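> Submitted below is the structure of interest, expressed as structure tokens.
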Amino acid sequence: MMVSTKGRYALTVMVELARKGENGYVSLSDIAESENLSMKYLESIIAILNKGGLLKSLRGKNGGYMLARDPKDYTINEILLLTEGTLAPVNCIMQEGVQCEKAATCSTLPLWAGLDKVIENYLKGITLEDIIKGNRKKMLGDYCESCEPAK
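Numbering (this note's numbering), first residue to last: 9 to 159.
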């Protein structure tokens, strides 16, 4: 699984809206400026997030975007699936049901299916709220003891 730039930027936009959205609508230009991202590229990502029902939008001078729900109600899995389409680690398990003629005899299929489930469960367990509150313990879990910053 490799998360594309589109997925990473979508998550960045959602985190920014979660952080700044308490004050109302946030303009796309504010997000582009604060995160040093291309306005044109953000417009295409915002369109996906908006069409997917994750955002509210308002046109006009004081318009912009805000989250449609509370940050605790968005999982990272939901956001990435919307923008990436799939988070499967290998092609053969990307759609519902395994799409491979060798599935019945494939000795590695259970490994990939298990990894897919681990990724899904992990990303379903992390919310936008966890990110904006910096809940490193929850994000790292038992997966990465050496990932903590040096003291």
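Glycine included, C-beta positions come from ideal geometry on N, C-alpha and C. Small disclaimer: the values here were computed from a predicted structure and weren't measured.
1. Determine, using beta carbons only, whether Ile-127 and Met-9 come nearer to each other than 8 Å.
2. Are the CB atoms of Thr-91 and Ile-56 nearer to each other than 8 Å?
3. Would the segment 140–147 and the segment 95–102 be scored as touching if the rule is three or more Cβ pairs under 8 Å?
4. Does the distance from the CB of Leu-66 to the CB of Ala-26 come in under 8 Å?
5. Closer than 8 Å by C-beta to Thr-135: which residues in its own chain qualify, once you throw out the five before and the five after it? Chain order, please.
6. So who's on the other strand from Ser-65, going by DSSP bridges?
7. Using the DSSP secondary-structure output, state which residues sit across from Thr-83 in a beta bridge.
8. Taking the alpha-carbon of Ala-40 as reference, which of Gly-122, Val-23 and Asn-31 has the nearest alpha-carbon?
9. Ignore the nearest five residues each way along the sequence and tell me which others in Val-34's own chain have a CB closer than 8 Å to its CB.
10. Go ahead and pull the three-state DSSP assignment for Val-98.
11. Please name the residue, chosen from Ile-140, Leu-95 and Ser-42, that lies closest to Leu-131 on a Cα-to-Cα basis.
12. Checking the sheet assignment: what are the DSSP bridge partners for Val-34?
Checking against the coordinates, here is how it stands:
1. Yes, the Cβ-Cβ distance between Ile-127 and Met-9 is below 8 Å.
2. Here Thr-91 is near Ile-56, since their CB atoms are less than 8 Å apart.
3. Touching, no, given that fewer than three Cβ pairs across the two stretches are closer than 8 Å.
4. Remark: C-beta atoms of Leu-66 and Ala-26 do not approach each other more closely than 8 Å.
5. Result list for Thr-135: Pro-79, Lys-80, Asp-81, Tyr-82, Thr-83 and Ile-84, in chain order.
6. Checking the DSSP bridge columns, you'll see Ser-65 partnered with Tyr-73.
7. In DSSP, Thr-83 forms a bridge with Thr-135.
8. It is Val-23.
9. Taken in chain order, the residues that qualify are Glu-24, Leu-25, Lys-28, Gly-72, Tyr-73 and Met-74.
10. Val-98 falls in the coil class under three-state DSSP.
11. When each option's Cα is compared against that of Leu-131, the closest is Leu-95.
12. Partner(s): Tyr-73.
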